[in-house]
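Report on the structure given below.
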Amino acid sequence: MNLWKYLIIVWMSLVIIGGFLIQIPFIPVLEQTARNLFFHVPMWMAMYTMFLISFYHSINYLRKANWSDDIKAQAAAQTGFIFGICGLMTGSLWARFTWGTWWTFAEPKMNLAALALMIYVAYFMLRSAFDEPKKRARITAVYNIFAVSTIPFLLYVVPRQLTSLHPGADGNPAFSEITAAELRFILYPAMVGFIALSCWVYNITYRAYRVKYISEQTIRNPL
Amino acid sequence: MYIIQLLFIVSNMFQDSTEIIPIDTLSKVYSDKWITTVNQGEGFFASFMSSNNLIFVVLGVTLIIWTVLIVYLTRVDKRITMLENQLNHSSNEA
Numbered sequence: 273m274n275l276w277k278y279l280i281i282v283w284m285s286l287v288i289i290g291g292f293l294i295q296i297p298f299i300p301v302l303e304q305t306a307r308n309l310f311f312h313v314p315m316w317m318a319m320y321t322m323f324l325i326s327f328y329h330s331i332n333y334l335r336k337a338n339w340s341d342d343i344k345a346q347a348a349a350q351t352g353f354i355f356g357i358c359g360l361m362t363g364s365l366w367a368r369f370t371w372g373t374w375w376t377f378a379e380p381k382m383n384l385a386a387l388a389l390m391i392y393v394a395y396f397m398l399r400s401a402f403d404e405p406k407k408r409a410r411i412t413a414v415y416n417i418f419a420v421s422t423i424p425f426l427l428y429v430v431p432r433q434l435t436s437l438h439p440g441a442d443g444n445p446a447f448s449e450i451t452a453a454e455l456r457f458i459l460y461p462a463m464v465g466f467i468a469l470s471c472w473v474y475n476i477t478y479r480a481y482r483v484k485y486i487s488e489q490t491i492r493n494p495l
Numbered sequence: 042m043y044i045i046q047l048l049f050i051v052s053n054m055f056q057d058s059t060e061i062i063p064i065d066t067l068s069k070v071y072s073d074k075w076i077t078t079v080n081q082g083e084g085f086f087a088s089f090m091s092s093n094n095l096i097f098v099v100l101g102v103t104l105i106i107w108t109v110l111i112v113y114l115t116r117v118d119k120r121i122t123m124l125e126n127q128l129n130h131s132s133n134e135a
């Protein structure tokens, strides 16, 4: 195991301890759940990072047609998807005890995030639909570029135009205006930590797919 | 018998005994009123989660993340074990 992975273990442990222990200002309705900022928001940041990595490798695949780029794009998309699921589930639980409902269709960010994940479900389905690796790699790379390019619209542009319960939307103050300085001491390290953690998960996923690819090749063409 | 009782208790845990007034989330935007829509309910689950200034919601959130990551890692680990077995098997044959 590389040094940076041990660093993540220490770093994330400190973030979780700090996230639970620091003094936070009293916010009505949110109360202690304001601490969810340290866990729920970084999920999405990790998802964006992974989808960007996936985007980069898909473009690289179309340029150079290296099989490893295809596998990297798949592994990154899958890791991003996992973090997106975490984000949706944590958001739903948070919503239950602050907004009063597990799910609301009045909340554009929530629904569009679910939609973004659906687009990725389609990506994985598309991948499983091809038997021939080269054809699969090329077509899914094109689809992935489309999928990533919807993310900024679904999660930044559109929610900001609509009334939303999330901060930063129309009618609500932006994140930078309402977030107390104390929360940022943990939030930014948490973002760094979770993004690093997602890189670790991505690394493991990529290696699993790589071993799978190599073993398939050796079984097909024994040395 | 015990299983049925247990199921009954568990299902009651997740039911709010006070009626939550259904919120029309499809046709009406209620973000300006959301402070008043908070109804924590009185079921065991709801009252436990909303005790101590909602701190258990934060615990729930961390546990969700932890569970999803662990389940995912276990699955990847199993896949790698399977591949290793396959590789060992094919190298034994050669």
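Read top to bottom, the protein sequences are chains A and B.
Going by the working numbering, the letters in the first sequence line up with residues 273 to 495, in that order.
Going by the working numbering, the letters in the second sequence line up with residues 42 to 135, in that order.
Just so it is clear, CB atoms sit at the ideal spot from N, CA and C, and this is done for glycine as well.
For residue i, I'd like the list of residues in its chain whose CB is within less than 8 Å of its CB, leaving aside the five on either flank, ordered along the chain.
i, result
"V213 (chain A)", "Any property of residue 213 (chain A) remains undetermined from this structure, which presents chain A solely from 273 to 495."
"L95 (chain B)", "none"
Cα separation between residue i and residue j?
i, j, result
"V287 (chain A)", "N129 (chain B)", "41 Å"
"D346 (chain A)", "I106 (chain B)", "First, the residue type needs correcting, since residue 346 (chain A) is Gln and not Asp in the sequence shown. Rounded to whole angstroms, Q346 (chain A) to I106 (chain B) spans 21 Å at the Cα level."
"A215 (chain A)", "S436 (chain A)", "Outside the shown range of chain A (273 to 495) lies residue 215 (chain A), about which nothing can therefore be said."
"M315 (chain A)", "R399 (chain A)", "25 Å"
"N416 (chain A)", "M361 (chain A)", "24 Å"
"W371 (chain A)", "G101 (chain B)", "16 Å"
"C358 (chain A)", "I491 (chain A)", "36 Å"
"P317 (chain A)", "I423 (chain A)", "Strictly speaking, residue 317 (chain A) in this sequence is Met, with Pro absent from that position. Rounded to the nearest angstrom, the two C-alpha atoms are 12 Å apart."
"T305 (chain A)", "Q489 (chain A)", "50 Å"
"H329 (chain A)", "M123 (chain B)", "27 Å"
"L104 (chain B)", "I281 (chain A)", "17 Å"
"L309 (chain A)", "N133 (chain B)", "52 Å"
"P300 (chain A)", "F85 (chain B)", "23 Å"
"M382 (chain A)", "F369 (chain A)", "15 Å"
"L469 (chain A)", "A349 (chain A)", "15 Å"
"T108 (chain B)", "Y392 (chain A)", "21 Å"
"R479 (chain A)", "Q46 (chain B)", "47 Å"
"A337 (chain A)", "E404 (chain A)", "14 Å"
"R116 (chain B)", "A394 (chain A)", "21 Å"
"N126 (chain B)", "Y481 (chain A)", "15 Å"
Report, in whole angstroms, the separation of the C-beta atoms of residue i and residue j, which I expect to be a contact under 8 Å.
i, j, result
"Y485 (chain A)", "I343 (chain A)", "6 Å"
"V313 (chain A)", "L384 (chain A)", "Contact flag wrong, Cβ pair sits at about 16 Å."
"G291 (chain A)", "F311 (chain A)", "7 Å"
"I296 (chain A)", "L455 (chain A)", "6 Å"
"G356 (chain A)", "M319 (chain A)", "5 Å"
"T321 (chain A)", "I467 (chain A)", "5 Å"
"L427 (chain A)", "A452 (chain A)", "Incorrect: roughly 24 Å between the Cβ atoms, too far for contact."
So for residue i, helix, strand or coil by DSSP?
i, result
"T362 (chain A)", "helix"
"L435 (chain A)", "The question names Leu, but residue 435 (chain A) is Thr in the sequence shown. Strand."
"L302 (chain A)", "coil"
"M273 (chain A)", "coil"
"P424 (chain A)", "helix"
"N308 (chain A)", "helix"
"A87 (chain B)", "helix"
"P297 (chain A)", "coil"
"I342 (chain A)", "Ile is not the amino acid found at residue 342 (chain A); the sequence shown has Asp there. If DSSP states are grouped into helix, strand and coil, D342 (chain A) belongs with the helices."
"T103 (chain B)", "helix"
"D403 (chain A)", "coil"
Compare the C-alpha of residue i against each of the options and name the closest.
i, options, result
"A413 (chain A)", "A:R307, A:L426, A:W339", "A:W339"
"G352 (chain A)", "A:P439, A:L427, A:S326", "A:S326"
"A87 (chain B)", "A:L275, A:L365, A:R307, A:L279", "A:L365"
"R335 (chain A)", "A:R410, A:L293, A:L275, A:C471", "A:R410"
"T376 (chain A)", "A:I294, A:M397, A:Y481, A:H438", "A:H438"
"K277 (chain A)", "A:W374, A:S487, A:W472", "A:W472"
Keeping to the same chain, check which residues put their C-beta closer than 6 Å to that of residue i; ignore five residues upstream and five downstream.
i, result
"V112 (chain B)", "none"
"R307 (chain A)", "G291"
"D341 (chain A)", "H329, N332, Y333"
Excluding five sequence neighbours on each side, which residues of the same chain lie with their C-beta closer than 7 Å to the C-beta of residue i?
i, result
"P380 (chain A)", "V430, P431, L434, S436"
"F89 (chain B)", "F97"
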